[in-house]
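In the numbering used here, the protein residues as written are 13 to 121.
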């Protein structure tokens, strides 16, 4: 299981590898690399995906340079951070605070 400090120790542009999928999503969602770096720096791990390959991954809740809430899915081999995807969570799928997934779609506010 990852600890957020493992990612913070690698959190620099020369240690971040962005997958093609993530590059496309970042462009579509208007999220910059600086936003991701900021999100890792101030974020917290809210879910872990131990079964993912080639490395386990996790979901980080953080904020961008302009204070937007983002979710970052990432993994690491101990030398590099691999960005898998990034998005702004919605209250349709997440409870207030964006740390827990909704179990139902009623009572969204």
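Virtual Cβ for every residue (Gly too), placed ideally from N, Cα, C.
For residue 22, there is no enclosing alpha helix (DSSP H), as DSSP marks it with neither H nor E. The bridge partners DSSP lists for residue 102 come to none. For the 8 Å CB-CB criterion, residue 86 and residue 69 form a contact.
The alpha-carbon of residue 51 is positioned some 11 Å away from that of residue 100. For residue 60, the enclosing beta strand (DSSP E) begins and ends at 56-61. In this chain, residue 13 is not harboured by any alpha helix (DSSP H), its DSSP state being neither H nor E.
DSSP places residue 44 outside any beta strand (DSSP E), giving it a letter other than H or E. For residue 72, the enclosing beta strand (DSSP E) stretches over residues 69-75.
Residues 84, 95, 98 of the same chain have their beta carbon placed closer than 7 Å to that of residue 48, with the five preceding and five following residues left out of the count. When C-alpha distances from residue 23 are compared across 111, 109, 107, 91, the shortest belongs to 91.
Beta bridge pairing from DSSP links residue 92 with no other residue.
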